[in-house]
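Undergrad: No gaps in the numbering here: position 174 of the sequence shown is 173 in numbering that gives the first Met the number 0, and each next residue is one more.
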Amino acid sequence: MTRTGKTALITGASSGIGAEFAAALAARGDDLVLVARTLPRLEALAAQLRQHHGGRVEVIAQDLTEPDAAARVVDELAARGLSVDLLINNAGFGSAGRFEDLGVDSEHDQLMVNVVALAGLTRRLIPGMLERGSGEIVNVASTAAFQPSPYFATYSSGKAFVLNFSLSLWSEYRGRGIKVLAVCPGPTETPFFDTIGTRDAALGRMGSAAAVVASALRALEHNKGYVVPGASNFAAAHLMPRRPRTLVARIAELVTRGLADGGRPISPALSSATA
């Protein structure tokens, strides 16, 4: 296989969308750095990718809830003599329910992974990309980023940060050799909903992780800034009225209220969660 000469770092690489990114990038000839908490799963995936596609596949076991997680990952890259051409901030998890019932520590950890580690890795790797004159960053957000999502308050707010952060950097680095993309999937067949504890949190038809990755790589090639994979997800994200915001929040609460009491949401249209 012809190698691209590029190295991609993928967080949350051991399953779901992260594993699909790893497979797609290995298949096109990229070298990989896979980051997640669980070393045995990373090593098993790395061995499989080397066998099927060849190339260099490194693994870094790192808990991204730790305050210095991004610094540790970048230090490990330096120790191994690795530079990153494509950063995929995929790691993330969510919670659903009444905010006062959700664990304080788990909500904190969610923000550390979904927001702090993502921004930290981006900040630490962009200077090298600028120095080399090229680079690509993919941040996995969600359709939940487009409106308030009661009973997904921490998750949707964190993903709103990811979307706005990505678009800000996309605009900032246009013309400077760096592409930045926010990927905003709807409900996707991943272990995400096992973490939440109910598949009732999937407001809409489940898509495939492979389709999300294919859509993301196409959008990245064309420097789109953001992409919402799937026509129905795009409609749900963009056709919801944007003003007044309090009305949007009240409508969304009606949709997701069932999750507060362990039941199903009453409508599949307005907000979504994805890994």
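Cβ coordinates follow ideal geometry from the N, Cα and C atoms, glycine included.
Could you work out which residue in G174, V179, R173 is closest to N163 when comparing CA atoms only?
TA: Selected option, being the one with the closest Cα: V179.
Undergrad: Taking a contact to mean a Cβ-Cβ separation below 8 Å, would you say N89 touches I16 in this structure?
TA: Yes; because the gap between Cβ atoms is below 8 Å, this pair is in contact.
Undergrad: Decide if F151 is buried, meaning its Cβ has at least 16 other Cβ atoms within 10 Å, or exposed.
TA: Counting Cβ neighbours within 10 Å, F151 comes out buried, since at least 16 surround it.
Undergrad: Within 10 angstroms of its Cβ, does L294 collect 16 or more other Cβ (buried), or is it exposed?
TA: Residue coverage of the chain in this structure runs from 0 to 274, which leaves residue 294 outside it and unanswerable.
Undergrad: May I ask you to report which of helix, strand or coil DSSP gives L86?
TA: L86: strand per DSSP, three-state reduction.
Undergrad: Return the CA-CA distance between G185 and E135, expressed in angstroms with no decimal places.
TA: So the alpha carbons of these two residues sit roughly 23 Å apart.
Undergrad: Between the C-alpha atoms of L110 and A12, what's the straight-line distance to the nearest angstrom?
TA: Each residue's alpha carbon lies about 18 Å from the other.
Undergrad: With A181 as the anchor, note down where its alpha helix (DSSP H) starts and where it stops.
TA: Element bounds for A181: not the alpha helix (DSSP H) but the beta strand (DSSP E), 177-182.
Undergrad: Can you tell me where the alpha helix (DSSP H) holding L76 begins and where it ends?
TA: Counting along the chain, the alpha helix (DSSP H) containing L76 begins and ends at 68-78.
Undergrad: Tell me whether V58 is buried or exposed, calling it buried when 16 or more other Cβ atoms sit within 10 Å of its Cβ.
TA: Buried.
Undergrad: Considering only DSSP beta bridges, list what L31 is partnered with.
TA: DSSP output for L31 lists A7, V56 as bridge partner(s).
Undergrad: What does the Cβ neighbour count give for V103, buried or exposed, with the cut at 16 atoms within 10 Å?
TA: Result: exposed.
Undergrad: Find the nearest neighbour of L24 within the set G80, M0, F145, T37, judged by alpha-carbon distance.
TA: Comparing Cα positions, the closest option is M0.
Undergrad: Does the beta-carbon of S80 have 16 or more other beta-carbons within 10 angstroms, so that it is buried, or is it exposed?
TA: For the sequence presented, residue 80 should be read as Gly rather than Ser. Per the 10 Å Cβ criterion, exposed.
Undergrad: Among the residues of its own chain, which have a CB less than 7 Å from the CB of G91, if the five just before and after it don't count?
TA: For G91, where only same-chain residues beyond five positions count, the Cβ hits under 7 Å are G11, V112, N113, V139, A274.
Undergrad: Considering only the alpha carbon of each residue, which of I87, T37, R55 lies closest to T3?
TA: Minimum Cα distance to T3 is reached at R55.
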